[in-house]
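When we follow UniProt numbering, the leftmost residue of the sequence shown carries the number 1, and every step to the right adds one. All C-beta atoms, glycine included, are put in the ideal place defined by N, C-alpha and C. Report on the following structure.
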Amino acid sequence: MPEEWRSVLVPIFKNKGHVSKNERKGGQDSGETSNVVWFRDSGTEKKTGGREDDDLPYEEEIIRNPYSVKCWMRYIEFKQNGPKSTLNMIYERALKELPGSYKLWYNYLRERRKQVKGKCITEPAYEEVNNCHERGLVFMHKMPRIWLDYCQFLVSQCKITRSRRTFDRALRALPVTQHPRIWPLYLRFVRNLPLPETAIRVYRRYLKLSPENAEEYIDYLRSVGRLDEAAVRLAAVVNDEGFVSKEGKSNYQLWHELCDLISQNPDKVTSLNVGAIIRGGLTRFTDQLGKLWCSLADYYIRSGHFEKARDVYEEAILTVVTVRDFTQVFDSYAQFEESMIAAKMETTAEMGQDEDDDIDLELRLARFEQLIARRPLLLNSVLLRQNPHNVHEWHKRVKLYEGNPRQIINTYTEAVQTVDPVKATGKPHCLWVFFAKFYEENEQLDDARTIFEKATKVNYKQVDDLAAVWCEYGEMELRHENYEQALRILRKATAIPSKKAEYFDSSEPVQNRVYKSLKVWSMLADLEESLGTFQSTKAVYDRIIDLRIATPQIIINYAMFLEEHNYFEESFKAYERGIALFRWPNVYDIWNTYLTKFIDRYGGKKLERARDLFEQALDGCPAKFAKTIYLLYAKLEEEYGLARHAMAVYERATQAVETEERHHMFNIYIKRAAEIYGVTYTRAIYQKAIEVLPDEHAREMCLRFADMESKLGEIDRARAIYSYCSQICDPRVTANFWQTWKEFEIRHGNEDTIREMLRIKRSVQATYNTQVNFMSSQMLKATTSSTGTVSDLAPGQIGIDDMKMLEQKAQQLAAEAEQDKPKPKEKILFVRSDNSRSELAELAKQTQQVLPHGKLKTHACSFIFIKTHLLIAFSPWHLQRCSLNRRVCPQLSLEGLKMTERFLTDFCKDKDYSLLL
Numbered sequence: 001m002p003e004e005w006r007s008v009l010v011p012i013f014k015n016k017g018h019v020s021k022n023e024r025k026g027g028q029d030s031g032e033t034s035n036v037v038w039f040r041d042s043g044t045e046k047k048t049g050g051r052e053d054d055d056l057p058y059e060e061e062i063i064r065n066p067y068s069v070k071c072w073m074r075y076i077e078f079k080q081n082g083p084k085s086t087l088n089m090i091y092e093r094a095l096k097e098l099p100g101s102y103k104l105w106y107n108y109l110r111e112r113r114k115q116v117k118g119k120c121i122t123e124p125a126y127e128e129v130n131n132c133h134e135r136g137l138v139f140m141h142k143m144p145r146i147w148l149d150y151c152q153f154l155v156s157q158c159k160i161t162r163s164r165r166t167f168d169r170a171l172r173a174l175p176v177t178q179h180p181r182i183w184p185l186y187l188r189f190v191r192n193l194p195l196p197e198t199a200i201r202v203y204r205r206y207l208k209l210s211p212e213n214a215e216e217y218i219d220y221l222r223s224v225g226r227l228d229e230a231a232v233r234l235a236a237v238v239n240d241e242g243f244v245s246k247e248g249k250s251n252y253q254l255w256h257e258l259c260d261l262i263s264q265n266p267d268k269v270t271s272l273n274v275g276a277i278i279r280g281g282l283t284r285f286t287d288q289l290g291k292l293w294c295s296l297a298d299y300y301i302r303s304g305h306f307e308k309a310r311d312v313y314e315e316a317i318l319t320v321v322t323v324r325d326f327t328q329v330f331d332s333y334a335q336f337e338e339s340m341i342a343a344k345m346e347t348t349a350e351m352g353q354d355e356d357d358d359i360d361l362e363l364r365l366a367r368f369e370q371l372i373a374r375r376p377l378l379l380n381s382v383l384l385r386q387n388p389h390n391v392h393e394w395h396k397r398v399k400l401y402e403g404n405p406r407q408i409i410n411t412y413t414e415a416v417q418t419v420d421p422v423k424a425t426g427k428p429h430c431l432w433v434f435f436a437k438f439y440e441e442n443e444q445l446d447d448a449r450t451i452f453e454k455a456t457k458v459n460y461k462q463v464d465d466l467a468a469v470w471c472e473y474g475e476m477e478l479r480h481e482n483y484e485q486a487l488r489i490l491r492k493a494t495a496i497p498s499k500k501a502e503y504f505d506s507s508e509p510v511q512n513r514v515y516k517s518l519k520v521w522s523m524l525a526d527l528e529e530s531l532g533t534f535q536s537t538k539a540v541y542d543r544i545i546d547l548r549i550a551t552p553q554i555i556i557n558y559a560m561f562l563e564e565h566n567y568f569e570e571s572f573k574a575y576e577r578g579i580a581l582f583r584w585p586n587v588y589d590i591w592n593t594y595l596t597k598f599i600d601r602y603g604g605k606k607l608e609r610a611r612d613l614f615e616q617a618l619d620g621c622p623a624k625f626a627k628t629i630y631l632l633y634a635k636l637e638e639e640y641g642l643a644r645h646a647m648a649v650y651e652r653a654t655q656a657v658e659t660e661e662r663h664h665m666f667n668i669y670i671k672r673a674a675e676i677y678g679v680t681y682t683r684a685i686y687q688k689a690i691e692v693l694p695d696e697h698a699r700e701m702c703l704r705f706a707d708m709e710s711k712l713g714e715i716d717r718a719r720a721i722y723s724y725c726s727q728i729c730d731p732r733v734t735a736n737f738w739q740t741w742k743e744f745e746i747r748h749g750n751e752d753t754i755r756e757m758l759r760i761k762r763s764v765q766a767t768y769n770t771q772v773n774f775m776s777s778q779m780l781k782a783t784t785s786s787t788g789t790v791s792d793l794a795p796g797q798i799g800i801d802d803m804k805m806l807e808q809k810a811q812q813l814a815a816e817a818e819q820d821k822p823k824p825k826e827k828i829l830f831v832r833s834d835n836s837r838s839e840l841a842e843l844a845k846q847t848q849q850v851l852p853h854g855k856l857k858t859h860a861c862s863f864i865f866i867k868t869h870l871l872i873a874f875s876p877w878h879l880q881r882c883s884l885n886r887r888v889c890p891q892l893s894l895e896g897l898k899m900t901e902r903f904l905t906d907f908c909k910d911k912d913y914s915l916l917l
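Shown next as structure tokens:
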């Protein structure tokens with residue numbers, strides 16, 4: 001700044017640079033120059049009134065813009081690290097120019113609070129800061145942040161009354177929309193005070209603004225022991241349907257808290273009618289009756305009204321309708337009685353006992369024992385209140401009253417009056433039946449008949465229920481030998497009503513439909529057979545058939561009844577009527593009995609009629625039931641008819657029966673044909689069976705067929721059968737078949753037939769190997785067989801060297817040769833094949849290609865000569881064989897040749913070559 005400006009702008013005051021009195025008071029005489037007090041001494045600027053040379057730019061800027069908040073804030077920020085008094089002075093100067101600036105006031109008050117932080121709250125500096133806040137609130141009374149900071153500052157000074165009044169001033173000064181910012185701090189302040197009355201009054205004012213926070217107030221009241229007001233507030237909350245708990249509690253949970261509060265503190269909660277409140281809850285929350293009843297009883301117990309508590313428990317166990325509620329109430333009741341007994345015993349032990357105390361104790365013990373004894377009956381009552389139409393529970397209730405006839409009669413009477421047959425669970429007619437039996441057991445037949453008569457007039461849901469009542473009524477009369485009365489009762493039950501109705505017509509009462517009940521008719525038929533006449537019994541059965549309610553068993557019983565009285569044709573007519581009523585498969589038993597009885601009666605006298613019956617029975621007969629009828633038919637033809645007719649029947653049977661039974665049918669057919677016509681007649685049967693049956697049974701038939709042919713000496717036929725069957729026999733699955741064929745060829749074949757058998761086996765195995773389904777099935781089955789071919793050794797040998805494979809093949813072939821060795825006593829001639837030399841030459845060529853020269857081993861040589869021996873084993877020219885051996889492998893060592901010749905010589909000793917020569 002130029003010197004001439006400085007001399008004009010910087011006057012020198014008498015107070016050596018301090019702010020004048022007029023400046024501090026904001027006087028009018030100070031003017032703009034009052035903001036700057038500077039002087040120059042000896043060419044240097046000295047500090048005057050807290051200012052330095054560095055402040056000069058900020059002062060100049062303030063002079064130019066005294067109403068700019070930014071200028072003042074830059075100046076304040078610059079002096080932030082300076083003396084606190086200087087900073088406060090700048091704030092004061094700024095607020096003097098801009099008293100309505102929230103930013104200046106907020107920062108100034110925060111700075112003043114920081115300055116006193118950590119000091120003792122009794123120091124005067126705190127009061128100065130409070131005064132600053134008060135001056136600030138003159139202009140900032142609508143700013144909630146200023147109020148919050150001032151209130152927190154006052155609370156930290158422990159000025160309770162001043163803080164409370166300040167909170168109240170804040171609430172009065174601020175608009176209601178800003179109150180939610182003040183109340184949390186205010187409530188936290190009053191909760192921490194040891195003055196519950198003040199907090200309660202504050203909370204009451206707060207709930208007028210925010211009634212949804214009533215739970216917070218209730219929790220506070222419970223914490224300070226003001227339970228009466230807490231209960232009143234909680235009751236108001238529970239009764240307010242629009243109240244939504246901020247803690248996520250349901251109306252029932254709030255009600256449960258209220259019940260616990262008022263029941264556990266009866267001496268502190270006096271403003272509410274506890275009994276009315278809890279009983280009101282019983283009507284509202286019917287799924288929690290047990291807890292509410294226990295709460296009401298607990299209230300009376302804590303109040304000392306023990307008899308009232310006992311009355312509440314008794315009322316509860318007689319009104320609850322669920323087992324859970326009953327269990328809660330009963331357990332609480334039993335615990336109450338136990339505690340009463342224990343308290344009485346302790347009192348007696350301390351005070352000494354007298355006669356009145358003993359009587360009282362005995363009374364309490366008796367009451368407790370009676371309560372425990374009543375539990376099953378009380379539980380049964382709960383279940384019956386839950387479902388009064390539960391027949392099973394009524395029966396259990398009768399058993400609980402066992403030994404008390406009067407209670408049993410009352411229970412049965414109540415049961416038959418309460419249970420609705422349409423809604424009943426169980427069999428409602430059983431109540432009437434057992435009620436009548438109770439009178440019967442006590443020799444009161446007239447009363448029992450009265451009960452049965454009333455039972456027959458009840459409109460049951462099912463016809464069977466009424467039918468069971470009639471039957472039980474008749475059986476009671478039979479037990480007392482009133483046979484005529486029993487017949488009269490059942491005839492009355494089966495009498496045709498004035499208005500006929502269908503059996504399943506639910507719109508009609510059961511009394512109009514019971515005449516079609518088979519149960520009543522069956523019992524009447526039995527009684528008529530035992531007590532009535534032939535005509536009356538026959539009339540009953542005819543009536544059953546006319547009503548079309550008969551079963552196959554009724555038809556059979558009717559026919560047998562007629563047969564017992566020697567009315568054979570009538571019995572056969574009964575069978576015919578039954579056959580006309582039913583269809584397959586229900587008619588099977590009637591046909592079976594009818595045909596058996598007809599054959600037993602007439603035998604072969606009425607053969608044509610019997611055949612007609614069988615043909616009629618087989619017409620439309622399902623395959624499941626055809627087997628028995630066909631066998632019966634064939635037996636008839638064998639015993640009384642023609643054999644060819646029997647064979648024709650068997651032939652038809654093999655086609656008519658189920659697939660699973662065809663094999664068994666063919667076995668019977670073959671057996672009977674062999675017995676009648678001889679074994680040769682069965683060839684065509686075998687052939688047809690092999691064509692028709694599945695592979696599993698066809699293989700068995702082929703083996704039996706081949707065995708029969710071999711026994712008849714037809715070797716070629718048997719071989720052809722084996723050859724045909726081989727196409728359906730996988731060597732790895734059906735090893736038994738191939739072993740059987742092999743044994744057959746050993747006994748009856750020659751070298752060519754064995755080779756042909758082995759060739760067929762290889763071809764069949766190759767066929768199965770190319771089919772994926774067979775290969776997968778063979779992989780699953782762990783059945784393996786080694787029947788003597790080189791190809792059998794191939795699988796599973798991957799990764800083994802050639803010499804080891806040759807050794808295994810040699811061992812396998814040697815074992816087979818030993819098995820194939822024929823016994824001398826059988827005198828079987830084997831003819832050498834003409835192809836032996838060509839096969840040997842082929843084998844030699846293959847061997848030379850496989851094994852390099854000079855690397856043969858002894859066991860490899862053994863394999864080659866064993867193979868050679870197998871090809872010409874039955875040739876009589878031993879010397880020729882030896883020379884052939886040398887021609888095949890000229891590289892053989894002398895030791896190998898000698899070993900091979902010894903082996904072949906020993907092998908041929910057992911052969912009878914004279915026959916061949």
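Cβ distance (whole Å) where residue i is taken to contact residue j below 8 Å
i, j, result
"A199", "Y220", "7 Å"
"L148", "R113", "L148 to R113, Cβ: 12 Å. No contact."
"W105", "M73", "Rounded, the Cβ-Cβ distance is 12 Å, inconsistent with contact."
"L595", "L618", "Contact flag wrong, Cβ pair sits at about 11 Å."
"E745", "T753", "5 Å"
Beta-bridge partners of residue i, as assigned by DSSP
i, result
"N390", "T425"
Sub-8 Å separation of residue i and residue j beta-carbons
i, j, result
"T551", "L524", "no"
"A309", "W293", "no"
"residue 918", "V232", "Because the chain is modelled from 1 through 917, residue 918 falls outside the range shown and cannot be assessed."
"R367", "E337", "yes"
"S263", "D298", "yes"
"I556", "D505", "no"
6 Å CB neighbourhood of residue i in its chain, flanking five on each side removed
i, result
"A674", "T682"
"I76", "I90"
"S332", "C294"
Same chain, Cβ closer than 7 Å to residue i, five either side skipped, listed in chain order
i, result
"E216", "none"
"F435", "Y412, V416, I451"
"Q291", "According to the sequence as given, residue 291 is Lys; it is not Gln. Here the set comprises H256, Q328."
"V69", "L98, S101, K103, L104"
8 Å Cβ shell around residue i - same chain, five flanking residues per side excluded
i, result
"Q622", "It is Pro, not Gln, that sits at residue 622 in the sequence shown. Here the set comprises W584, P585."
"L227", "L221, L261, N265, K268, V269"
"T411", "W394, R397, V398, Y401"
"A634", "A646, V649, Y650, A653, R672"
"Y252", "F285, Q288"
Quick one: any contact between the stretch 348-357 and the stretch 370-386, if contact means 3 or more CB pairs under 8 Å?
no
Is it a yes or a no for the stretch 460-467 touching the stretch 509-520, going by three-plus beta-carbon pairs under 8 Å?
yes
Taking contact to mean 3 or more Cβ pairs, one atom from each stretch, closer than 8 Å, check whether the stretch 603-610 and the stretch 573-583 are in contact.
no
Contact between the stretch 240-247 and the stretch 275-283 is defined here as three or more beta-carbon pairs at a separation below 8 Å; is this criterion met?
no
Meets three-Cβ-pair contact criterion under 8 Å: the stretch 157-177 and the stretch 187-202:
yes
Decide yes or no for the touch test of the stretch 416-435 against the stretch 448-467: beta carbon pairs closer than 8 Å, at least 3 of them.
yes
Given 8 Å, three or more beta-carbon pairs between the stretch 722-741 and the stretch 696-703
yes
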